[in-house]
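Chains as they are written, first to last, in this note's numbering: chain A, 59 to 410; chain B, 59 to 410; chain C, 59 to 410; chain D, 59 to 410.
There are 4 protein chains.
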Amino acid sequence: MTRTRHDARLKIGILGASGYTGAELVRLLARHPAAEIVLLTADRQAGKTLGEVFPHLARLPLPDLVRIEDADWRGLDVVFCALPHATTQQVVAGIPKDMKIVDLSADFRLRDVATYAKWYGHEHLAPDLQKSAVYGLTEIYRDDIAAARLVANPGCYTTASELPLIPLIAGGLIGADGIVIDAKSGVSGAGRSEKLGNLHTEVSEGISAYAIAGHRHAPEIEQELSVAAGRPVIVTFTPHLMPMNRGILATIYVTMTNGAVAEDLRIALAARYENEPFVHVLPSGRAPATRDVRGSNHCLIGVFADRVPGRAIVVSALDNLVKGAAGQAVQNMNVMCGLPEAMGLEQEALFP
Amino acid sequence: MTRTRHDARLKIGILGASGYTGAELVRLLARHPAAEIVLLTADRQAGKTLGEVFPHLARLPLPDLVRIEDADWRGLDVVFCALPHATTQQVVAGIPKDMKIVDLSADFRLRDVATYAKWYGHEHLAPDLQKSAVYGLTEIYRDDIAAARLVANPGCYTTASELPLIPLIAGGLIGADGIVIDAKSGVSGAGRSEKLGNLHTEVSEGISAYAIAGHRHAPEIEQELSVAAGRPVIVTFTPHLMPMNRGILATIYVTMTNGAVAEDLRIALAARYENEPFVHVLPSGRAPATRDVRGSNHCLIGVFADRVPGRAIVVSALDNLVKGAAGQAVQNMNVMCGLPEAMGLEQEALFP
Amino acid sequence: MTRTRHDARLKIGILGASGYTGAELVRLLARHPAAEIVLLTADRQAGKTLGEVFPHLARLPLPDLVRIEDADWRGLDVVFCALPHATTQQVVAGIPKDMKIVDLSADFRLRDVATYAKWYGHEHLAPDLQKSAVYGLTEIYRDDIAAARLVANPGCYTTASELPLIPLIAGGLIGADGIVIDAKSGVSGAGRSEKLGNLHTEVSEGISAYAIAGHRHAPEIEQELSVAAGRPVIVTFTPHLMPMNRGILATIYVTMTNGAVAEDLRIALAARYENEPFVHVLPSGRAPATRDVRGSNHCLIGVFADRVPGRAIVVSALDNLVKGAAGQAVQNMNVMCGLPEAMGLEQEALFP
Amino acid sequence: MTRTRHDARLKIGILGASGYTGAELVRLLARHPAAEIVLLTADRQAGKTLGEVFPHLARLPLPDLVRIEDADWRGLDVVFCALPHATTQQVVAGIPKDMKIVDLSADFRLRDVATYAKWYGHEHLAPDLQKSAVYGLTEIYRDDIAAARLVANPGCYTTASELPLIPLIAGGLIGADGIVIDAKSGVSGAGRSEKLGNLHTEVSEGISAYAIAGHRHAPEIEQELSVAAGRPVIVTFTPHLMPMNRGILATIYVTMTNGAVAEDLRIALAARYENEPFVHVLPSGRAPATRDVRGSNHCLIGVFADRVPGRAIVVSALDNLVKGAAGQAVQNMNVMCGLPEAMGLEQEALFP
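Following this line, the structure appears as structure tokens:
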């Protein structure tokens with residue numbers, strides 16, 4: 059494939075294309091009207107076509123997989139990194155400076171490199187780059203993203219948690235203390251790794267909590283809620299593994315302040331997201347379901363009065379691989395490159 | 059089938075045998091060494107064999123299904139009612155006085171008939187019988203159950219919630235206020251009813267919350283936690299529908315009191331249930347999973363420190379059709395009839 | 059919605075929009091660059107928005123659901139019928155003559171109305187229309203479809219069976235006798251009907267054959283294979299219900315003729331479908347999987363030598379709601395209306 | 059655990075207890091009235107309790123896992139081998155001669171060691187022992203099994219295929235040529251191995267054929283059908299992977315001989331298995347489903363007329379881990395040791 063400027067499409071590289079997030083990036087970008095995938099890396103699968111690794115993508119005209127050290131960086135406009143953490147910091151540091159980067163790992167999400175070191179078990183390897191990274195929760199940081207070179211795409215659980223909580227905390231409608239986030243995720247969140255806990259036999263017909271009080275998305279959520287609250291916030295966060303492939307449902311328990319009732323919260327969120335293409339606050343009484351966002355970039359939010367006076371229950375649903383990863387990454391690319399924000403992301407959920 | 063006292067086995071009737079709970083009662087009682095099923099009712103399926111309605115039970119020697127008004131009550135020792143609510147109250151009122159009854163509906167669980175009327179939409183039809191009913195959470199009310207004629211078998215969500223919470227509240231280790239119960243259930247909890255929301259296409263590959271802040275198991279949980287606390291308690295309770303058939307996982311968020319830490323809670327629960335055959339507190343750091351109780355009468359409990367100081371996360375798992383329904387009902391029968399409590403319930407979980 | 063010719067897009071009506079096939083038509087046509095949905099009917103759901111019936115489609119600008127007798131037919135270009143059989147014949151007969159029709163029911167698939175009457179239990183209600191109907195297996199009848207007013211969209215099992223078999227029979231590579239089609243389908247093929255057999259509890263964790271030797275797609279398959287063979291053909295066809303939502307896999311057992319070997323079959327099919335956008339013959343040794351076509355209009359075909367000399371095994375996979383229903387219907391509309399055949403159908407499979 | 063002859067129960071060793079088959083043996087044998095598990099080996103998990111490897115079995119009193127070379131063989135009555143092939147041959151050769159052995163691997167199933175070498179890629183390591191091994195299809199070889207020291211437990215697909223086919227071939231009701239076995243299996247048949255193809259994300263919502271015309275159970279089926287036919291038989295056999303954990307459904311296409319019709323086949327099979335506790339021929343028109351045997355040792359068989367004259371469709375269903383592995387192994391142990399054949403295997407299927 060000779061890489062010529064025969065059209066105005068953005069030249070795209072995807073690092074780490076052999077994981078589920080990489081495949082989802084390909085699915086979305088291959089049909090994106092203003093993008094052209096010209097580089098795909100995957101160390102262990104180098105030399106193969108992507109169709110050999112992901113047969114469902116075999117019909118797309120795509121470059122073969124190469125090792126990252128064999129990558130031809132010339133002419134690239136945007137690089138998506140879907141690499142394991144730590145690896146990413148080194149790789150990103152070496153990407154030519156004229157290319158925009160959307161990093162889907164956790165490596166640049168935490169502004170405080172000490173917090174990173176604590177949760178990820180090693181010193182941050184690119185602290186200077188960290189300072190320039192913009193947190194990629196599109197609806198909250200849109201203007202910063204538009205001006206950024208390096209965007210740290212948020213985690214799946216964090217997107218589902220932060221989209222409803224940030225406006226409610228920032229608006230003074232709920233207290234920042236005592237928030238309980240009970241989150242449920244499909245198995246694709248665990249990646250395509252050959253681990254016992256991800257086997258069909260182990261996952262199907264069963265549910266369980268994991269990483270209780272110790273999941274790495276907790277500090278990320280707390281970082282953003284602290285910004286919204288203007289002071290340090292600590293949350294209760296419990297992830298659960300569900301017998302399904304895609305989807306996150308976050309059931310969030312909050313205490314209202316200043317005499318607010320649940321409908322006030324719902325109205326405030328609806329107003330906040332009224333013009334957003336991908337965040338939708340449901341009518342009163344309607345509960346989000348992950349089946350309604352499967353494969354789409356939508357996030358649905360519902361708000362309910364609790365029976366306990368002064369408390370409310372907020373439920374959000376998204377597809378962890380789309381709005382929780384690849385979809386939001388493409389959304390961020392659109393913002394970074396001045397394209398219409400929803401370009402390439404219009405497709406509805408696949409149901410049933 | 060001529061019903062003769064050719065052996066000492068208890069003669070059992072099951073009313074409402076064509077639902078999943080009824081089938082599960084048959085599965086357990088048909089192999090119970092001290093029981094013999096002699097009556098099966100199912101109004102809409104009357105005239106059929108149970109094997110026609112549930113082919114997986116076709117190999118068992120069982121009486122045919124009859125309408126409840128055609129039931130031959132003679133010689134019955136124990137009657138299990140697995141009927142819809144309200145119906146149950148009338149039927150139970152008509153059962154001969156010398157028979158013991160385990161009712162699996164919600165009809166006799168709420169001691170306060172006004173609370174019943176509020177949540178179920180009609181006046182209680184057997185308020186006098188209600189007074190004599192014993193709440194059938196075996197591990198808590200064993201002595202009362204042993205002396206009871208009518209036992210109101212607890213709900214599935216309530217069993218999963220009450221087993222860990224009652225000792226913690228009664229023991230003063232946690233506060234009774236602000237408890238959040240985030241519960242996840244398999245689809246069999248919805249019964250064998252032909253409803254849109256129970257179709258495979260609607261359920262699989264998706265999760266959702268339902269009856270938020272309005273589920274009928276909430277007042278039942280509150281009733282028992284209020285007894286434990288010695289004052290009225292109100293809880294936050296959110297049920298979720300999971301893409302699996304069996305199992306409930308309850309993730310419970312509590313505030314500790316009197317300087318307790320999570321390990322204190324775990325140790326207290328472990329001590330409380332040390333000699334129980336069916337309630338098991340896991341070692342520190344181990345999380346319960348519904349796959350480990352599927353088809354069994356076990357309830358597993360794990361306790362975890364929250365990252366929020368002073369708070370803990372308690373997780374319980376059980377099979378909604380067994381410990382959450384038919385299994386506990388048989389356990390109660392064993393207690394009521396002076397049999398070994400685990401008789402007929404020894405089977406391990408089916409995994410994978 | 060005022061229906062004005064403000065653009066050149068085809069005005070589309072969908073009759074029976076509240077079923078899964080109807081929803082899939084909406085999903086595809088709402089993003090089709092040359093189509094605009096202006097009429098949606100659904101008798102039992104009339105008065106609702108489509109978003110109330112299918113929340114995953116709530117973000118689309120769509121007309122509300124109306125009863126079929128309240129439909130405003132003015133200005134429609136193409137009507138898709140996703141109605142139950144028999145109903146369709148009457149409705150189609152009443153559609154204004156200047157509109158093109160793609161019928162997704164079985165009502166016009168069988169050319170012989172006597173065969174229809176035998177399998178569907180009643181006389182054909184529009185035998186004259188039947189004569190003008192074109193069988194809508196796009197890759198086989200493309201030219202006829204281009205000239206047709208009424209296209210009878212093939213069944214899901216039949217598409218999966220006919221695409222590999224017709225060229226092999228017509229090419230004299232396999233015998234038309236003794237063909238065994240063992241087909242496996244997801245639950246969405248049963249529609250959105252509230253039937254016991256479609257409940258999650260009944261379907262998940264289990265498989266079964268149904269309508270053995272009596273499924274209505276058998277005569278449809280036989281009709282087309284008879285055309286290919288030039289004489290009457292009878293097939294062995296067994297459908298199975300799978301614990302998944304979407305997808306059909308047909309495992310087809312054939313006897314080769316004229317000394318052909320399996321690779322001859324594979325090469326012949328590959329040549330036949332070389333330029334087709336949606337039918338793909340896999341490299342030697344690669345087996346199709348339904349996960350690789352989920353949500354897409356692709357049909358994958360693999361061919362394998364049997365260990366029994368002279369016999370081969372052909373495997374095909376497609377999404378029953380897309381290439382097996384709504385996708386092929388849109389493909390046919392494109393052909394009928396002179397549009398690029400793949401327009402609106404380019405999306406890749408959703409995996410995982 | 060001091061191993062004393064304090065009771066008359068058979069002392070049982072299970073080699074390879076950390077796989078699904080091993081766990082299933084434990085589940086069944088731990089409740090077997092005449093058995094006591096005294097040895098569990100698992101090389102990679104040695105030193106752990108079985109409950110650490112399989113939490114669902116943590117409530118059972120069991121010996122810890124040891125390496126096979128650390129096994130204490132003294133006093134063992136019966137050894138179950140659930141080891142990978144080849145390994146088994148060496149291990150079995152070293153087991154003390156006074157112990158009975160049920161081998162669940164493929165190592166002693168093929169009487170012809172040359173056929174073994176061809177399909178398994180290496181010379182048989184215990185050809186002398188092979189001569190003394192009895193093929194453990196209980197209903198067919200019961201008398202030989204009763205006298206055997208070493209029983210080769212059949213494969214899961216083979217049990218599902220041979221139970222219906224052997225009597226039909228032996229009885230001259232069907233031809234031995236042209237038999238097509240289209241088999242569908244749950245994922246547990248692939249074991250607890252951490253392979254990409256067994257991940258939930260890869261398996262759920264999808265089906266595929268694998269090892270087409272090359273599965274190792276084919277020669278085993280052919281061996282037994284050849285015995286029944288009295289001459290060499292070759293079959294068409296295609297296994298498929300299903301998105302469920304347990305269960306095999308075999309759809310078998312046969313040609314009838316001597317003027318037989320399908321009902322003749324059904325009646326012959328029903329007569330053949332009339333007194334069998336675990337093989338059940340369904341009434342005319344009823345199709346077996348794997349959900350009806352899940353967790354049980356039952357095998358269900360249905361027979362249907364094909365629409366093609368002279369041909370019939372036979373469908374069988376069993377649980378691959380029970381009648382297809384551990385259950386039949388226990389059944390064989392019962393026969394070998396003179397116990398009631400159904401002892402410890404009475405439990406009904408778990409549904410839903």
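The beta-carbon is built from N, C-alpha and C at its ideal position, and this holds for glycine as well.
Contacts of residue i in chain B (Cβ-Cβ under 8 Å)
i	result
residue 303(A)	263
residue 307(A)	265, 266, 267, 298
Status (buried if at least 16 other CB within 10 Å, exposed otherwise) for residue i
i	result
residue 59(A)	Confidence is the limiting factor: at residue 59(A) the pLDDT is only 41, short of 50, which leaves the residue's position unreliable, though a coordinate-based value still follows. Exposed, because fewer than 16 other Cβ atoms sit within 10 Å of the Cβ of residue 59(A).
residue 257(C)	buried
residue 156(A)	exposed
residue 223(A)	buried
residue 410(D)	buried
residue 251(C)	exposed
residue 384(C)	buried
Within chain B, the residues that residue i reaches when beta carbons sit closer than 7 Å
i	result
residue 329(D)	Simply none; closest approach about 18 Å.
residue 366(A)	292, 294
residue 382(D)	Here the premise fails: no neighbours, minimum Cβ distance about 14 Å.
Same chain, Cβ closer than 8 Å to residue i, five either side skipped, listed in chain order
i	result
residue 148(B)	183, 184
residue 326(C)	225, 226, 229, 231
residue 121(A)	59, 95, 96, 97, 98
Residues that residue i contacts on chain D, provided the C-beta gap is smaller than 8 Å
i	result
residue 65(C)	Correct list: empty, because the minimum Cβ distance to chain D is about 37 Å.
residue 349(B)	114
residue 406(B)	85, 88, 89, 114, 115, 117, 118
Contact set for residue i: own chain, Cβ-Cβ below 6 Å, skip 5 residues either direction
i	result
residue 210(C)	161, 166, 167, 191, 193, 194
residue 261(A)	245, 301
residue 400(C)	335
Proximity below 8 Å, CB of residue i to CB of residue j
i	j	result
residue 374(A)	residue 398(A)	no
residue 152(C)	residue 69(C)	no
residue 370(D)	residue 306(D)	no
residue 41(D)	residue 124(D)	In the structure as shown, chain D begins at 59 and stops at 410. Residue 41(D) is therefore absent and cannot be evaluated.
residue 354(A)	residue 380(A)	yes
residue 71(B)	residue 137(B)	yes
Where residue i meets chain C, residues with beta-carbon distance less than 9 Å
i	result
residue 102(D)	Result: empty, since nearest Cβ-Cβ is about 28 Å, beyond 9 Å.
Within chain A, partners of residue i - CB distance below 9 Å
i	result
residue 390(D)	None at all; the shortest Cβ gap to chain A is about 25 Å.
The ligand ATP heavy atom lying under 7 Å from the CB of residue i
i	result
residue 385(D)	Absent from the structure shown: the ligand ATP. Ligands present: none.
is_contact[residue i, chain D] using C-beta, thresh 8 Å
i	result
residue 91(B)	no
Interface flag, residue i vs chain A, CB-CB below 8 Å
i	result
residue 252(D)	yes
residue 410(B)	yes
Same chain, Cβ closer than 7 Å to residue i, five either side skipped, listed in chain order
i	result
residue 286(C)	224, 227, 228
residue 266(C)	298, 299
Residue-chain proximity (residue i, chain B), Cβ-Cβ < 8 Å
i	result
residue 61(D)	Residue confidence is low: residue 61(D) scores 49 on pLDDT, short of 50, so the model does not pin down where it sits. No coordinate-derived value is stated.
Within-8 Å CB hit, residue i to chain C
i	result
residue 260(D)	yes
Contact set between residue i and chain D, taken where Cβ atoms lie within less than 7 Å
i	result
residue 240(C)	240, 309
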